[in-house]
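Novice:
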Amino acid sequence: MKDFTHPSRKNAPTFLAPQILALASTGFSKLGIARHFGVSPQTLNRWLEEDAEAEDAYKQGIESERKALHNVLYKLAIEDKHPASAMFLLKARHGYREGDQSEQSNRVSVTFNLPGAMTADQYKVIEQVANSKPKRIEPNAD
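Taking our numbering, the leading residue of the sequence shown gets 613, the next gets one more, and so forth.
1) Residue 646 and residue 656: beta carbons closer than 7 Å?
2) Using the three-state DSSP reduction, which class does residue 686 fall into: helix, strand or coil?
3) Give me the residue from 670, 628, 649, 666 with the minimum Cα distance to residue 639.
4) Using the Cβ count rule (16 or more neighbours within 10 Å means buried), how would you classify residue 624?
5) Kindly list the residues whose CB is nearer than 8 Å to the CB of residue 629, restricted to its own chain and excluding five residues on each side of it in sequence; keep chain order.
6) Let me know the secondary structure DSSP gives residue 697 once reduced to three states.
7) Check this for me: beta carbons of residue 660 and residue 653, under 7 Å apart or not?
8) Does DSSP put residue 724 in a helix, a strand or coil?
9) Please classify residue 724: is it buried, with 16 or more other beta-carbons within 10 angstroms of its beta-carbon, or exposed?
10) In the DSSP assignment, the alpha helix (DSSP H) including residue 663 goes from what residue to what residue?
11) State the Cα-Cα distance for the pair residue 648 and residue 683, rounded to the nearest angstrom.
12) Quick check on the burial criterion: 16 or more other C-beta atoms within 10 angstroms. Buried or exposed for residue 636?
In structure tokens form, the structure reads like this:
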């Protein structure tokens, strides 16, 4: 197992961004990238925070991987007519749900907001206000 506390690994290596881009775009997670460099994930996160170019490279790598995976899935669904791939795309990108949705759409949610604990005197004040008759206000005859 690699020694994650090695003093020479506390500083980011040269050409960090291109290496991170290559690793992230080929499926490496942050943990995998950290292991590649022989550092802890916390050290890698610090490097990414300190080096905007490296952080952008990581984001670009993840996006590149996402695009590649989407293209493969799309090809399977459309060109190869793979039903599971097509169903996944319908559910993930277009909100498709199986079965009758009428039960779920007719549900009503009610929320009761109850007051917190009150003393007996506070409760009596509320009770008096609730039981009192409203006073009629006469308009001014000016």
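Heads up, the beta-carbon is just placed ideally off N, CA and C, and yes, glycines get one too.
Specialist: In brief:
1) Residue 646 sits at position 34 when you count from the first residue of the sequence shown. Residue 656 sits at position 44 when you count from the first residue of the sequence shown. Going by C-beta atoms, residue 646 is nearer than 7 Å to residue 656.
2) For this step, residue 686 is matched to residue 74 along the sequence shown. Three-state DSSP puts residue 686 in a helix.
3) Here residue 639 corresponds to residue number 27 of the sequence shown, with the count starting at 1. Nearest of 670, 628, 649, 666 to residue 639, Cα basis: 670.
4) In the sequence shown, residue 624 corresponds to position 12, counting from 1. It counts as buried.
5) Counted from its first residue, the sequence shown places residue 629 at position 17. If we look at residue 629 and ignore the five residues flanking it on each side, its Cβ neighbours are 663, 665, 666, 668, 669.
6) Mapped onto the sequence shown, residue 697 falls at position 85. Here residue 697 sits in helix by DSSP.
7) On the sequence shown, residue 660 is found 48 positions in, with the first residue counted as 1. On the sequence shown, residue 653 is found 41 positions in, with the first residue counted as 1. Taking 7 Å as the Cβ cut-off, residue 660 and residue 653 do not qualify as a contacting pair.
8) Here residue 724 refers to the residue found at position 112 of the sequence shown. In this structure, residue 724 counts as coil in the three-state DSSP scheme.
9) Your numbering for residue 724 matches position 112 in the sequence shown. Under this definition residue 724 is an exposed residue.
10) Against the sequence shown, residue 663 aligns to sequence position 51. It is not in any alpha helix (DSSP H) - residue 663 carries neither H nor E in the DSSP assignment.
11) Counted from its first residue, the sequence shown places residue 648 at position 36. Counted from its first residue, the sequence shown places residue 683 at position 71. Looking at the two C-alpha atoms, the distance is approximately 27 Å.
12) For the purposes of this step, residue 636 is taken as residue 24 along the sequence shown, with counting starting at 1. Result: buried.
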